[in-house]
Amino acid sequence: MKITKTYADSFNKIIILVDKTFEFRSYKLNIKNGTEKMFIISLSIVENAITLKLNRDINIKYYCFMEYENIPYKVEYYSLYSTEEFNKRFFHNTTLGAIYTKERTTFKLWSPPASCVKLILYKKNSPDNFSIDRRIDMNEHNGLWYISIVGDLQQTYYNYQITLYDDSNVVVDPYATGVCVNGLIGVVLDFKRTSPPMWHQDRRIFIEKYTDAIIYETSIRDLSSHESSGVLNKKKFLSLTEKNTKSPQGLSTCLDHILELGVTHIQLMPIFDFSYESIDERYSDKNYNWGYDPQNYNVPEGSYATDPYSPLCRIIELKKMIQCLHENNIGITMDVVYNHVYHGWIRNFQNIFPEYYFRLSKKDTLCNGSGCGNDIASENLMVRKFIIDSVIFWAREYHIDGFRFDLMGLIDIDTMKSIENELHKIDKSIMIYGEGWDLNTALPKYNKSISTNSKVLNNIAFFNDKIRDCLKGSVFDLKEKGFIMGNIHKYEPLKECLTSKYISPEQSINYDSCHDNHTLWDKINLSCNSESMEEKEKMVKLCSTIILTCAGIPFIYSGEEFCRSKQGECNSYNSPDYINSIDWNKKAEFIDIFNHYKKLISIRKCHDLFKIRSSKILLDNLIFINHIPKDILAFIIKDSTGEDPWKMCLIILNIGKKDMHINIPNTKWKLALDSNNVDLSYTLSENRFMIKALSSYILYKGED
Ligand code: CA
Numbered sequence: 183m184k185i186t187k188t189y190a191d192s193f194n195k196i197i198i199l200v201d202k203t204f205e206f207r208s209y210k211l212n213i214k215n216g217t218e219k220m221f222i223i224s225l226s227i228v229e230n231a232i233t234l235k236l237n238r239d240i241n242i243k244y245y246c247f248m249e250y251e252n253i254p255y256k257v258e259y260y261s262l263y264s265t266e267e268f269n270k271r272f273f274h275n276t277t278l279g280a281i282y283t284k285e286r287t288t289f290k291l292w293s294p295p296a297s298c299v300k301l302i303l304y305k306k307n308s309p310d311n312f313s314i315d316r317r318i319d320m321n322e323h324n325g326l327w328y329i330s331i332v333g334d335l336q337q338t339y340y341n342y343q344i345t346l347y348d349d350s351n352v353v354v355d356p357y358a359t360g361v362c363v364n365g366l367i368g369v370v371l372d373f374k375r376t377s378p379p380m381w382h383q384d385r386r387i388f389i390e391k392y393t394d395a396i397i398y399e400t401s402i403r404d405l406s407s408h409e410s411s412g413v414l415n416k417k418k419f420l421s422l423t424e425k426n427t428k429s430p431q432g433l434s435t436c437l438d439h440i441l442e443l444g445v446t447h448i449q450l451m452p453i454f455d456f457s458y459e460s461i462d463e464r465y466s467d468k469n470y471n472w473g474y475d476p477q478n479y480n481v482p483e484g485s486y487a488t489d490p491y492s493p494l495c496r497i498i499e500l501k502k503m504i505q506c507l508h509e510n511n512i513g514i515t516m517d518v519v520y521n522h523v524y525h526g527w528i529r530n531f532q533n534i535f536p537e538y539y540f541r542l543s544k545k546d547t548l549c550n551g552s553g554c555g556n557d558i559a560s561e562n563l564m565v566r567k568f569i570i571d572s573v574i575f576w577a578r579e580y581h582i583d584g585f586r587f588d589l590m591g592l593i594d595i596d597t598m599k600s601i602e603n604e605l606h607k608i609d610k611s612i613m614i615y616g617e618g619w620d621l622n623t624a625l626p627k628y629n630k631s632i633s634t635n636s637k638v639l640n641n642i643a644f645f646n647d648k649i650r651d652c653l654k655g656s657v658f659d660l661k662e663k664g665f666i667m668g669n670i671h672k673y674e675p676l677k678e679c680l681t682s683k684y685i686s687p688e689q690s691i692n693y694d695s696c697h698d699n700h701t702l703w704d705k706i707n708l709s710c711n712s713e714s715m716e717e718k719e720k721m722v723k724l725c726s727t728i729i730l731t732c733a734g735i736p737f738i739y740s741g742e743e744f745c746r747s748k749q750g751e752c753n754s755y756n757s758p759d760y761i762n763s764i765d766w767n768k769k770a771e772f773i774d775i776f777n778h779y780k781k782l783i784s785i786r787k788c789h790d791l792f793k794i795r796s797s798k799i800l801l802d803n804l805i806f807i808n809h810i811p812k813d814i815l816a817f818i819i820k821d822s823t824g825e826d827p828w829k830m831c832l833i834i835l836n837i838g839k840k841d842m843h844i845n846i847p848n849t850k851w852k853l854a855l856d857s858n859n860v861d862l863s864y865t866l867s868e869n870r871f872m873i874k875a876l877s878s879y880i881l882y883k884g885e886d
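So the mapping is simple: our numbering equals the position in the sequence shown, first residue as 1, plus 182.
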């Protein structure tokens with residue numbers, strides 16, 4: 183008989199999976215939990231599973247071994263941790279971390295399997311040298327370890343020493359809100375003392391609905407790292423507080439550029455503390471990494487601060503940046519990566535509670551839907567609580583306006599629903615959206631936060647890869663052309679996207695490019711060999727016309743508005759600055775395209791008819807013009823609000839290389855946008871309209 187698996191799914195039950203149950207003999211069994219022998223009070227066999235009921239509960243502070251014919255098998259506890267029985271005993275809905283007051287600080291850590299936890303307080307000898315000052319035993323109540331230390335512990339460095347299963351390790355508090363340089367020691371902070379002047383007046387920006395937003399994705403580093411940015415605090419949070427920065431050609435850059443463009447939200451690639459091995463905060467110029475390597479979830483990244491050694495500096499500078507953006511009516515969306523941790527950081531969580539934080543596959547290996555080696559077990563209640571506490575912390579303490587969940591499809595539905603519920607209790611304007619891809623992880627499909635489950639995830643939006651691939655071609659097939667490159671096979675699928683066949687407008691993040699894969703400009707250049715530069719530029723304009731007029735939430739990857747290139751690199755997560763940085767010289771070179779984006783954004787912001795929320799209203803108010811050549815896409819959007827000065831508008835695109843005449847319904851349309859920048863001050867008197875090659879138009883009826 184071969185034993186394939188032995189596990190507990192209740193405190194007093196062990197299940198043994200075997201190949202031949204008829205060979206099983208219970209007298210050959212011997213079970214020990216630590217040094218205590220356990221007895222079987224009943225036994226049942228169903229198919230290949232033998233279930234043993236024990237005379238008492240397993241104590242998870244000790245390993246449990248089942249011996250069969252004198253061979254020991256470790257009893258896995260993983261299945262037990264997701265049971266109601268486990269949660270009744272060990273779930274704690276309490277504040278965790280270092281809870282500061284001037285008189286005392288209370289430390290709380292959750293670790294049911296630990297047999298001993300000590301609080302370690304450190305002395306700081308130099309900016310990056312610490313020695314142990316005190317080790318203090320903590321008390322336990324049902325897995326919650328706690329101790330109060332009298333005195334003002336502001337800026338005291340601390341870690342925990344955890345003993346479990348005879349192994350002793352030092353860990354960083356996962357709830358730490360401040361850390362030393364490179365993040366390997368936590369620090370107690372009075373958060374009231376981390377605020378810049380007038381922070382109490384800082385407010386999130388207001389949006390009534392998600393479709394009011396226009397999101398601009400960028401990275402703190404890339405936005406200003408190029409010499410041409412004209413910024414003083416290059417690659418730092420403070421870069422986004424600098425006004426009047428200019429490119430060598432005298433055009434606005436960074437913050438001023440974003441304001442000039444007119445977007446409502448900036449989505450920042452990771453700004454939480456990411457691994458010191460990805461970026462050594464002491465010499466941050468020497469490495470490049472986007473930072474999808476989470477280390478301390480509730481601390482800002484040190485390499486973006488002017489002084490990474492000061493735990494306060496990174497917090498204050500990030501808050502200054504947020505304050506400045508809010509003063510300019512720009513919201514900040516944080517890219518949050520709760521689906522996995524930096525692989526070296528697994529140990530920190532495993533040393534607190536092995537097998538609890540990560541999702542295991544049937545083979546008892548870590549699930550790897552993320553491709554980063556460890557999917558977080560968001561369905562385990564204290565992991566869910568950790569994620570919810572973290573987003574609430576960022577929303578409350580940093581006034582974050584939105585959260586973009588990296589690989590949201592790896593997070594279970596209940597966790598995302600709770601996040602939505604909690605964040606919208608704080609502020610209805612907070613945006614929640616993410617990547618709803620269906621990846622291979624040990625969660626049933628109905629329980630994944632994927633776009634096909636959007637109907638049960640109200641108020642959460644999803645990146646719409648269908649519209650992306652319709653517009654510019656598959657991200658996996660370099661040569662495939664999208665609709666804007668003249669591929670008419672994408673015509674019907676694109677129309678399905680425009681009618682929101684797959685997802686409602688307020689849940690659809692419409693984009694053509696983001697930090698992943700090729701930039702729009704690179705993809706156009708890679709898939710179009712025979713087209714001229716001028717034609718390729720026109721394709722960018724076609725693409726942006728669709729993204730910024732169709733129903734949904736428009737999303738722009740920084741620099742695409744002036745043909746940003748990463749020199750053909752499709753995955754630049756650790757490519758040097760010269761690949762990733764935004765070259766502001768390009769703005770002058772492609773100013774015509776920038777102006778096209780700017781114009782589209784200003785039109786969209788002024789007109790509610792573009793901001794339809796539901797699929798039903800969209801279908802009632804969207805009319806495609808039929809019986810026209812296949813390389814012309816034309817559709818009318820009627821105003822459903824009664825509030826828009828425009829009664830309706832007509833969007834026309836010609837993806838072909840020939841000028842065309844088409845008949846448009848009725849006359850007296852006024853022209854709001856012509857991608858060729860002709861004089862707009864005329865009204866069409868005929869219903870025959872000339873559509874130039876590779877051009878787009880927005881016409882309207884109603885008041886200006
Ligand atoms: Ca870091």
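All residues carry an ideal CB built from backbone N, CA and C; glycine is no exception.
All values reported here derive from a predicted model rather than from experimental measurement.
- Ile844 is positioned such that its CB atom lies closer than 8 Å to that of Ile873.
- In the structure shown, the three-state DSSP call for Ser709 is helix.
- Exclusion of the five residues before and after Cys495 leaves Ala487, Thr488, Asp489 as the residues of its chain whose Cβ lies within less than 7 Å of its Cβ.
- Straight across, the Cα-Cα distance linking Glu713 with Ile666 is about 12 Å.
- DSSP lists Met830 as the beta-bridge partner residues of Lys820.
- Linking Gln505 to Asp546 through their CA atoms gives a straight-line distance of about 46 Å.
- Here the residues close to ligand 1, judged by CB distance below 7 Å to any of its heavy atoms, are Asn364, Gly365, Asp455, Phe456, Ser457, Tyr458, Ile461, Glu463, Gln477, Glu483, Gly484, Ser485 in chain order.
- When DSSP states are grouped into helix, strand and coil, Phe206 belongs to the coil group.
- Only residues of its own chain outside the window of five on either side were considered, and among them Ser406, Ser407 have a CB closer than 8 Å to the CB of Lys416, listed in chain order.
- Annotation: Phe388 to Gly584 spans about 11 Å, alpha carbon to alpha carbon.
- Val518 sits close to Val573, with the two beta carbons spaced by under 8 Å.
- In its chain, beyond the 5 residues on either side, Met183 have a beta carbon closer than 8 Å to the beta carbon of Glu205.
- Nearest neighbour of Tyr340 by Cα position, chosen from Gly750, Ile649, Arg317, Asn321, turns out to be Arg317.
- The criterion of a C-beta distance shorter than 8 Å is not satisfied by Tyr263 and Ile302.
- By the neighbour-count criterion, in which 16 or more other beta carbons inside 10 Å mark a residue as buried, Cys652 falls on the buried side.
- As the crow flies, the alpha-carbon of Lys306 is around 48 Å from that of Ser633.
- The residues Leu680, Leu804, Ile805, Phe806, Ile807, Leu832, Ile833, in chain order, have a CB closer than 8 Å to that of Phe817 in the same chain once the five nearest residues on each side in sequence are set aside.
- The alpha-carbon separation between Pro493 and Pro356 amounts to approximately 16 Å.
- Following the DSSP letters along the chain, one finds His447 inside the beta strand (DSSP E) bounded by residues 447-450.
- The three-state secondary structure of Tyr760, taken from DSSP, is helix.
- Distance from the CA of Val565 to the CA of Tyr538, rounded to the nearest whole angstrom, comes to 8 Å.
- Per DSSP, reduced to three states, the secondary structure at Ser297 is coil, with no helix or strand assignment.
- For the options Asn215, Leu236, Asn521, Thr217, the alpha carbon positioned closest to that of Leu225 is the one of Leu236.
- If you keep only unbroken beta strand (DSSP E) runs of at least 3 residues inside the region 714-744, you get 735-739.
- With fewer than 16 neighbouring CB atoms inside 10 Å of its own CB, His809 falls in the exposed class.
- Rounded to the nearest whole angstrom, the CA to CA distance from Pro626 to Ile773 is 49 Å.
- Contact check between the region 351-368 and the region 460-477: three or more CB pairs, one atom from each, fall below 8 Å, which counts as touching.
- The three-state reading of DSSP puts Ala875 in coil, since its state is none of H, G, I, E or B.
- Runs of alpha helix (DSSP H) with 4 or more residues, each lying fully within the region 626-697, are found at 647-654, 673-680, listed in chain order.
- Beta bridge pairing from DSSP links Glu442 with no other residue.
- In the same chain as Ser313, and ignoring 5 residues on each side of it, the C-beta atoms closer than 7 Å to its own belong to Tyr304, Lys305, Asn307, in chain order.
- When secondary structure is reduced to three states using DSSP, Lys781 falls in the helix class.
- Burial of Leu876 is indicated by the presence of at least 16 other C-beta atoms within 10 angstroms of its C-beta.
- In the DSSP assignment, Met183 falls outside any alpha helix (DSSP H), carrying neither H nor E.
- Excluding five sequence positions before and after Asn533, the CB atoms of its chain that fall closer than 7 Å to its own CB belong to Ile344, Asn351, Val353, given in chain order.
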